[in-house]
Structures are given as structure tokens and as C-alpha cells.
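Structure, as C-alpha cells:
Residue numbers (the numbering used here): 249 to 632.
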């Protein structure tokens with residue numbers, strides 16, 4: 249007996265089936281068997297039981313004659329060798345399942361905290377995958393719907409090292425959102441100085457500058473990822489955050505926790521560049537500058553004498569009162585919007601005196617109101 253795979257006629261919606269020549273040969277030899285074969289679909293439909301009734305009626309009709317008209321045991325053998333092809337009905341079912349998935353893409357600068365973010369998502373029962381080629385994302389998500397226990401919470405970490413990432417990623421995100429899937433894009437940013445320090449501490453080389461300087465790799469990566477930033481639903485500047493604060497921010501954004509917005513206050517000096525990711529930025533270079541007081545020059549805004557010099561001045565007191573009222577007005581509105589965190593930048597010339605004093609005072613005030621606050625000073629340790 250010869251066995252071969254026969255492809256069904258186009259438009260029937262069948263997969264591949266293994267069939268034999270012997271039943272047809274016998275039917276040609278015996279006219280009575282041909283008649284029995286013609287009548288088989290009706291009798292087969294009555295004898296099929298629950299298994300056949302559960303089938304799609306459109307698929308059952310064309311196969312009933314072949315399977316039921318065969319000799320005893322033939323239908324079982326054919327079912328055992330049945331191979332399902334990629335029909336349109338299966339493709340539509342995959343789309344509907346993808347629509348039920350919660351998908352989080354994590355991207356950002358190397359060293360900004362993607363590993364920490366993925367660990368936080370794993371704690372939320374997400375199935376986490378690092379550095380999956382972006383062209384394989386649709387196939388991977390489809391496979392997740394076909395798993396024995398469907399995977400509906402998926403986190404994918406992608407970065408600029410993947411060659412097709414920049415060209416294909418916007419297209420993939422748009423396609424998934426068109427299928428009504430829940431898609432979040434989280435982008436992690438960080439200041440160049442902190443990234444360089446992290447690389448020095450871990451003694452690792454930058455992936456985009458294996459033989460060059462870390463700063464050159466960071467600058468190149470910023471250019472490559474500039475378009476991805478625009479797709480982000482959540483952009484986090486990890487410069488002032490520790491590991492626990494970053495995890496908490498990720499968890500609250502993804503889980504939809506309605507807790508209060510976390511406030512990050514960041515002081516800096518305009519001389520050393522403006523922070524990349526801040527929601528609110530205040531320039532306090534109009535305030536009296538302790539730098540020109542010889543007794544205060546070597547100090548910082550964290551010291552009482554320097555802070556009093558700034559805040560007790562007429563301009564300093566008036567500005568701080570208005571700033572405090574403005575921030576206290578905004579934060580409840582951010583709470584209502586479910587904003588996970590807000591970074592408030594305060595800048596002066598060198599980032600050592602005035603901006604530090606204002607940020608410290610604002611942090612103390614918000615803590616008294618029961619807010620979760622972190623205060624960091626990017627440039628306070630720089631030489632004068």
C-alpha cells in the first residue's frame with residue numbers, strides 16, 4: 249500500500265491529510281462498494297458521536313465520506329496521521345488571543361536599569377524574555393497563545409544592539425495596538441554621568457563601544473534610540489532612583505495601583521547640561537548666589553547657612569512660597585491621572601548652592617504632607 253500526503257482543494261479550509269490508494273482501488277473493482285461510499289456521509293453523521301458533533305460543520309462535511317467509507321479502522325488511522333496546516337481560521341483565532349494579552353516592552357539606554365525593570369515584571373508573573381529579535385515578536389506572541397496554558401502576560405526587553413530593532417519596532421507596536429492588545433512601552437533614561445559611573449563600578453564595557461570610551465557608546469545609543477522615546481507610554485529617568493524605587497515605579501504603572509505619585513526632586517547646574525527626562529523644570533538662577541559670599545562659597549545648599557542665605561532673601565522666600573503652592577496643587581491632579589512618578593528639576597548655574605537649597609526645602613515640605621519623595625543632587629560634588 250502506498251501512502252502519500254494529499255493537499256485538499258483550495259478554499260475548503262482543510263489541513264494536510266495522509267490517505268491511501270487502496271480504498272479507492274477496491275471501490276473501482278466493486279460497484280457495490282462505490283454505492284456504499286456514496287451513502288457513507290449520511291450514515292457516518294449519525295454514528296459519529298460527540299467527537300464529530302464538536303467539529304466545525306464546514307470542516308466535517310468534506311472528510312466524512314473518505315473517513316467513514318473506508319474499511320473498519322481506517323478512519324482511526326487517518327485521524328492519527330492528520331496534519332493541520334496553517335488555515336485562515338487558526339490565524340483569526342490567534343489575533344483574538346493576542347488581543348487578550350498584556351504586553352510590556354522595556355527599552356532604554358544600556359545601564360539604565362532594564363534588568364531591574366524586568367525583575368519587577370517577573371515578580372508580577374510576567375513571562376520575561378531578553379533581547380528577542382524584533383522580527384520574531386509576532387510569531388512569539390502567537391506561540392504564547394497556543395501554549396498548553398496560554399501565556400497572557402509578556403514582557404520583552406529590547407535595545408539598540410538588535411539590528412532590526414529601530415526599523416521594525418514602531419511597526420510591531422502599531423500592529424499590536426491595532427489588534428486591541430494591551431501594549432505598554434517603558435523607556436528607561438539616565439544621565440551620562442551616572443551611566444559612566446555605573447560602568448566604572450561594574451567594570452563592564454559599553455555594548456556599542458567595545459573598544460572605545462563609555463561616553464562615546466552612550467552618545468551613539470542616545471542617537472539610535474531617539475525615535476523609540478516617542479513611542480513610550482512611560483519614560484523613567486533612573487538618575488535619582490535606587491533599585492527599590494525603580495521597581496516600585498514599574499509595579500505601580502503596570503498593575504494600575506492607585507497610590508500617590510512618587511516625587512523625585514533633582515538639582516543640577518545648567519553649566520553641566522540640562523537633565524534629559526524631567527516633567528517640571530525650574531530655573532532659579534535669579535536668586536541670590538552664595539558663590540559670591542566668600543564664607544559660603546565652599547559650602548553647599550544642604551548646609552544651614554547656605555540654605556538660609558537663599559531662602560531668607562526677599563526673592564528666595566517669595567519664589568519658594570509660590571513654588572510650594574504650585575507643586576501642592578499639581579500633585580493631587582497627577583494622583584487622579586494615575587501618574588506613577590514625577591521628576592522635578594531645579595537648576596542654577598553650577599548645581600551646588602541655590603538649586604540644592606530649593607530642592608532640599610521642597611523635599612522636606614512634601615514629606616511633611618505624607619508624600620514619598622527622593623531628593624538627589626547631580627552636580628553638588630563637582631569642583632567649583
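The beta carbon of each residue, even a glycine, is placed where N, CA and C say it ideally should be. Treat the numbers as computed from the prediction; the structure is a model and nothing was measured.
Identity of the residues DSSP links to residue i by a beta bridge
{"i": "residue 483", "result": "435"}
{"i": "residue 625", "result": "515"}
{"i": "residue 567", "result": "Note: residue 567 sits in no beta bridge, so no partner."}
{"i": "residue 358", "result": "DSSP output for residue 358 lists no bridge partner at all."}
{"i": "residue 589", "result": "510"}
{"i": "residue 350", "result": "401, 430"}
{"i": "residue 594", "result": "515, 530"}
Cβ-Cβ separation, residue j to residue i (assumed contact under 8 Å), whole Å
{"i": "residue 635", "j": "residue 438", "result": "The displayed coordinates of the chain run from 249 to 632. Any statement about residue 635 would go beyond what the structure contains."}
{"i": "residue 374", "j": "residue 354", "result": "Not really, about 10 Å apart at Cβ, beyond 8 Å."}
{"i": "residue 436", "j": "residue 484", "result": "5 Å"}
{"i": "residue 545", "j": "residue 632", "result": "7 Å"}
{"i": "residue 635", "j": "residue 420", "result": "This structure cannot speak to residue 635, because the chain is shown only from 249 to 632."}
{"i": "residue 425", "j": "residue 431", "result": "5 Å"}
{"i": "residue 413", "j": "residue 382", "result": "5 Å"}
{"i": "residue 538", "j": "residue 526", "result": "At roughly 24 Å, the Cβ-Cβ gap does not stay under 8 Å, so residue 538 and residue 526 are not in contact."}
{"i": "residue 529", "j": "residue 595", "result": "7 Å"}
{"i": "residue 368", "j": "residue 499", "result": "6 Å"}
{"i": "residue 401", "j": "residue 350", "result": "5 Å"}
{"i": "residue 610", "j": "residue 571", "result": "7 Å"}
{"i": "residue 623", "j": "residue 608", "result": "6 Å"}
Per-residue burial, residue i [other beta carbons within 10 Å of its own, 16 or more giving buried]
{"i": "residue 509", "result": "buried"}
{"i": "residue 636", "result": "The first residue shown for the chain is 249 and the last is 632, placing residue 636 beyond what the model contains."}
{"i": "residue 422", "result": "exposed"}
{"i": "residue 362", "result": "buried"}
{"i": "residue 583", "result": "exposed"}
{"i": "residue 387", "result": "exposed"}
{"i": "residue 626", "result": "buried"}
{"i": "residue 612", "result": "exposed"}
{"i": "residue 516", "result": "buried"}
{"i": "residue 540", "result": "exposed"}
{"i": "residue 478", "result": "exposed"}
{"i": "residue 577", "result": "exposed"}
{"i": "residue 405", "result": "buried"}
{"i": "residue 512", "result": "buried"}
{"i": "residue 543", "result": "exposed"}
{"i": "residue 497", "result": "buried"}
{"i": "residue 593", "result": "buried"}
{"i": "residue 443", "result": "buried"}
{"i": "residue 614", "result": "buried"}
{"i": "residue 565", "result": "exposed"}
{"i": "residue 237", "result": "Residue 237 is absent from the structure shown; the chain starts at 249 and stops at 632."}
{"i": "residue 616", "result": "exposed"}
{"i": "residue 370", "result": "exposed"}
{"i": "residue 461", "result": "exposed"}
Residue i: first and last residue of the uninterrupted beta strand (DSSP E) it sits in
{"i": "residue 401", "result": "401-405"}
{"i": "residue 528", "result": "528-531"}
Delimiting residues of the alpha helix (DSSP H) encompassing residue i
{"i": "residue 442", "result": "440-450"}
{"i": "residue 378", "result": "Looking at the DSSP string, residue 378 is not in any alpha helix (DSSP H); the run it does join, the beta strand (DSSP E), is 375-378."}
{"i": "residue 503", "result": "491-503"}
{"i": "residue 471", "result": "462-477"}
{"i": "residue 556", "result": "552-559"}
{"i": "residue 385", "result": "385-394"}
{"i": "residue 607", "result": "602-616"}
Proximity test, residue i beta-carbon vs the ligand GTP heavy atom, cut-off 8 Å
{"i": "residue 620", "result": "The model depicted lacks the ligand GTP and carries no ligand whatsoever."}
Cutoff 9 Å: residue i Cβ touching any chain D Cβ
{"i": "residue 530", "result": "Judged by its chain identifiers, the structure shown contains no chain D, having just a single protein chain."}
(request) Could you tell me whether the stretch 440-457 touches the stretch 465-474, using the rule of 3 or more Cβ pairs below 8 Å? (result) Enough Cβ pairs lie closer than 8 Å, so yes.
(message) Three Cβ pairs or more, each shorter than 8 Å: is that satisfied between the stretch 575-589 and the stretch 517-525?
(response) Contact between the stretch 575-589 and the stretch 517-525 is absent, with fewer than three C-beta pairs closer than 8 Å.
(request) May I ask you to verify whether the stretch 599-608 touches the stretch 490-501, counting CB pairs closer than 8 Å and requiring at least 3? (result) With the cut-off at 8 Å, the stretch 599-608 and the stretch 490-501 do not touch.
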